[in-house]
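*Asks:* This structure is in structure tokens; I'll ask about it shortly.
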Amino acid sequence: MKHRGRHRRRKRGQALRAFLAGTALALTAAATMISVSQATVGDAPGKLKSLAGTDAPRLTEHQVPQRALDRLASSMGRPVGVGAVLAGADHTLRDASDCTTDEREALPVEPAATRAYCWDAADTRSWRPGAVTTSGDADDDGIWGQNRVILSGWTQDTDATGRGLARVAFVDANNPGRLGYGWVLLVVPVDGGRDYRGLDSQLSGMVWYQDKLLVTTDDGDGDALYVYDMNRVQRATVDSDAVGRVRGGWSAHGARYVLPAVGSYRLAGGGAAVRPASIALDRSTAPDSLVASERTPEDGDRAARLWRYALSSDPDRGGLLATDATGQARAVEAYETKAAGSGGVLSYDSEWYVSRTAADPDGRGTLWRPDGDGGRAAECGTDETKRCWSARTESLSYWEATGEVWSQSGQVLFALPMASIDRSLG
Numbered sequence: 010m011k012h013r014g015r016h017r018r019r020k021r022g023q024a025l026r027a028f029l030a031g032t033a034l035a036l037t038a039a040a041t042m043i044s045v046s047q048a049t050v051g052d053a054p055g056k057l058k059s060l061a062g063t064d065a066p067r068l069t070e071h072q073v074p075q076r077a078l079d080r081l082a083s084s085m086g087r088p089v090g091v092g093a094v095l096a097g098a099d100h101t102l103r104d105a106s107d108c109t110t111d112e113r114e115a116l117p118v119e120p121a122a123t124r125a126y127c128w129d130a131a132d133t134r135s136w137r138p139g140a141v142t143t144s145g146d147a148d149d150d151g152i153w154g155q156n157r158v159i160l161s162g163w164t165q166d167t168d169a170t171g172r173g174l175a176r177v178a179f180v181d182a183n184n185p186g187r188l189g190y191g192w193v194l195l196v197v198p199v200d201g202g203r204d205y206r207g208l209d210s211q212l213s214g215m216v217w218y219q220d221k222l223l224v225t226t227d228d229g230d231g232d233a234l235y236v237y238d239m240n241r242v243q244r245a246t247v248d249s250d251a252v253g254r255v256r257g258g259w260s261a262h263g264a265r266y267v268l269p270a271v272g273s274y275r276l277a278g279g280g281a282a283v284r285p286a287s288i289a290l291d292r293s294t295a296p297d298s299l300v301a302s303e304r305t306p307e308d309g310d311r312a313a314r315l316w317r318y319a320l321s322s323d324p325d326r327g328g329l330l331a332t333d334a335t336g337q338a339r340a341v342e343a344y345e346t347k348a349a350g351s352g353g354v355l356s357y358d359s360e361w362y363v364s365r366t367a368a369d370p371d372g373r374g375t376l377w378r379p380d381g382d383g384g385r386a387a388e389c390g391t392d393e394t395k396r397c398w399s400a401r402t403e404s405l406s407y408w409e410a411t412g413e414v415w416s417q418s419g420q421v422l423f424a425l426p427m428a429s430i431d432r433s434l435g
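Counting from 10, one number per residue, gives the positions in the sequence shown under my numbering.
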């Protein structure tokens, strides 16, 4: 599938935006209450401090050999598209009205979500939610083929390292009243394409741009991002807990499909180098760009760094980062923010947005726009606390065609208008 030009089907996107604007959720009081005992955030993060470009991770592009990809496809069968996964969706998200009170506690208080859905607890047991991206990132009209799609990343909760298998729910978002989904396991080809292994990494950042899916990785091998081709979804043929080639075919730890990596971006300095933890797409720049943030401790005071990388405008390099003659992607902007405990990052129209996770597991996080003298955050509750956001949101994704920002926290996938975020931040 080839990437379509910008601004096509614009009227269709405007119509959907108008429809969504009139469908705000009637969430219960349990989802909108906040304890007055929660402490107000102390130091505001202030303006972003510009850093020298050398303070940003340098990423060297590596491609999986075409021969290895062809060998894997030949053994597994012809790749299928995103539509095939959606057509076989065998799970359904619950609407907000069917979520439990505890689940709705993960929703932000201010600004409030206008759409929310809850995952099947049995289906996600022993898995942790992470990154979110949508077909609004993939194409500016918000549609991939004939479908509106949300991708939700999850990491298997296996040990103290936080690493485990990584899988993505392909969510059919064509009907806002019923979101079905199917699982796709992220894998990495090995042995020249004769087998594959699971991507053992916390899935905290993810961007679907054109036909590529970029995901952050911390599996210790020096790679910062893995690259997946959305046209290379492969069917698993054996239902077992194993991952890779097994007797009788191919297994994906219970998932029906796998997505094999086609490349990666390796850190200069290896596994010890600072790495992006959250990423997001910014369509307001020319060319489109990828923004990234590092993760810092929730209870620390060390500043977090933010970076911007240009995406390639070369038609033969669709969905990839812009690189120089040496194959390196270098940040075009680098900043520092005092927003310790940073989670998701977003940038649009020269504004940056950073979510801060809660230091207290039972508390709430904060959504900051680090501008002005002290930065801006929404206030809520009788004590005007700034802890009004979800406790933990690993990523933020702006669906330009609908004007919505998507994220997830706990068992809840939710969306709210970008306009309401800006209003809440003053």
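Glycine included, C-beta positions come from ideal geometry on N, C-alpha and C.
Could you check if H262 is buried or exposed, using at least 16 other CB atoms within 10 Å of its CB as the buried criterion?
*Replies:* Result: buried.
*Asks:* If you check the beta carbons only, do T294 and W217 fall under 7 Å apart?
*Replies:* Against a cut-off of 7 Å, the Cβ pair of W217 and T294 comes out as no contact.
*Asks:* By the DSSP assignment, the alpha helix (DSSP H) with A125 in it spans what residues?
*Replies:* Run containing A125: none in the alpha helix (DSSP H); it sits in the beta strand (DSSP E), 124-127.
*Asks:* Quick check on this structure: which residue in A175, A147, G162, P185 has the alpha carbon closest to the alpha carbon of T123?
*Replies:* Ranking the options by Cα distance to T123, first place goes to P185.
*Asks:* Who are C389's beta bridge partners in DSSP?
*Replies:* Answer is T394.
*Asks:* Is it the case that the Cβ atoms of P138 and Q417 are separated by a distance below 7 Å?
*Replies:* Going by C-beta atoms, P138 is nearer than 7 Å to Q417.
*Asks:* Is S429 near P120, with beta carbons less than 7 Å apart?
*Replies:* Contact flag set, yes.
*Asks:* State the Cα-Cα distance for the pair A131 and A334, rounded to the nearest angstrom.
*Replies:* Spanning the two alpha carbons is a distance of roughly 49 Å.
*Asks:* Quick check on this structure: which residue in V283, L95, E403 has the alpha carbon closest to the alpha carbon of A140?
*Replies:* Among V283, L95, E403, the Cα nearest to that of A140 is on E403.
*Asks:* Quick check on the DSSP output: what are the complete alpha helix (DSSP H) runs of length 4 or more inside the region 131-197, in order along the chain?
*Replies:* Runs of the alpha helix (DSSP H) inside the region 131-197: 144-147.
*Asks:* State the beta-bridge partners of R258 as determined by DSSP.
*Replies:* In the sequence as presented, Arg is not what sits at residue 258; that position holds Gly. Looking at the DSSP assignment, G258 forms a beta bridge with V255.
*Asks:* Which of the three DSSP states, helix, strand or coil, is assigned to S359?
*Replies:* S359 falls in the coil class under three-state DSSP.
*Asks:* Could you work out which residue in D323, R365, G412, P324 is closest to D358 when comparing CA atoms only?
*Replies:* Out of D323, R365, G412, P324, G412 has the C-alpha closest to the C-alpha of D358.
*Asks:* Should E114 be labelled buried (16 or more other beta-carbon atoms within 10 Å of its own) or exposed?
*Replies:* Buried, because 16 or more other Cβ atoms sit within 10 Å of the Cβ of E114.
*Asks:* Can you name, in chain order, every residue of its own chain whose Cβ lies under 7 Å from the Cβ of R98, other than the five neighbours on each side?
*Replies:* Before going on, a small fix: residue 98 reads as Ala here, not Arg. Excluding residues within five positions, the ones whose Cβ falls inside 7 Å are D181, G189, Y190, G191.
*Asks:* Hey, quick one: how far does the beta strand (DSSP E) through G272 stretch, first residue to last?
*Replies:* Its beta strand (DSSP E) spans residues 266-276.
*Asks:* Taking DSSP's pairing of strands, which residues face A312 in a bridge?
*Replies:* None; A312 has no bridge partner.
*Asks:* Going by beta carbon distance, what residues of the same chain come within less than 8 Å of V341, once the five residues before and after it are set aside?
*Replies:* So the list reads G62, S298, R317, Y318, A319, once near-sequence residues are dropped.
*Asks:* Using the rule of at least 16 other Cβ atoms within 10 Å of the residue's Cβ for burial, across every protein chain shown, is P426 buried or exposed?
*Replies:* Classification for P426: buried.
*Asks:* Kindly indicate which three-state DSSP category R244 falls into: helix, strand or coil?
*Replies:* Correct three-state label for R244: strand.
*Asks:* Let me check understanding here. Comparing Cα to Cα, which of N156, G419, D392, G352 lies closest to L405?
*Replies:* When only C-alpha atoms are compared, the closest one is G352.
*Asks:* Who are the Cβ neighbours of A386 in its own chain at under 6 Å, not counting the five residues just before and after it?
*Replies:* Within the same chain, A386 has close Cβ partners T375, W377, K395.
*Asks:* Work out the CA separation of R256 and Q420 for me, nearest whole Å.
*Replies:* Approximately 35 Å between the Cα atoms of the pair.
*Asks:* Taking the alpha-carbon of Y274 as reference, which of S260, T305, D227, R311 has the nearest alpha-carbon?
*Replies:* Taking only the C-alpha atoms, the option nearest Y274 is D227.
*Asks:* Which term fits Q75, buried or exposed, when burial requires 16 or more other beta carbons within 10 angstroms of its beta carbon?
*Replies:* Exposed, since its Cβ has fewer than 16 Cβ neighbours within 10 Å.
*Asks:* Helix, strand or coil: how does DSSP classify R113 here?
*Replies:* Reduced to three states, the DSSP call for R113 is helix.
*Asks:* How is L102 classed by DSSP in three states: helix, strand or coil?
*Replies:* In the structure shown, L102 sits in coil (DSSP, three-state: anything other than H, G, I, E or B).
*Asks:* Who are the Cβ neighbours of R304 in its own chain at under 6 Å, not counting the five residues just before and after it?
*Replies:* A286.
*Asks:* So what's G352 in DSSP terms, helix, strand or just coil?
*Replies:* In the structure shown, G352 sits in a strand (DSSP, three-state: E or B).
*Asks:* For D149, does the count of other Cβ atoms within 10 angstroms reach 16, so buried, or fall short, so exposed?
*Replies:* Label assigned to D149: buried.
*Asks:* Say whether the region 263-272 touches the region 192-207, bearing in mind that this needs 3 or more beta-carbon pairs closer than 8 Å, one atom from each stretch.
*Replies:* The region 263-272 is in contact with the region 192-207.
*Asks:* Take the Cβ of D111 as the centre, count every other Cβ of all protein chains shown within 10 Å, and call the residue buried at 16 or more, exposed below.
*Replies:* Exposed is the call here.
*Asks:* Can you list, in chain order, the residues of its chain whose CB lies under 7 Å from that of R187, leaving out five sequence neighbours each side?
*Replies:* Here the set comprises T101.
*Asks:* By Cβ distance, which residues of its chain are closer than 8 Å to N240, with the 5 residues on each side in sequence left out?
*Replies:* Contacts found: M10, P88, G90, D220.
*Asks:* Mind checking A277: buried by the 16 CB within 10 Å criterion, or exposed?
*Replies:* A277 should be labelled exposed.
*Asks:* For R244, which of L422, S84, R432 has the nearest alpha-carbon?
*Replies:* Comparing Cα positions, the closest option is S84.
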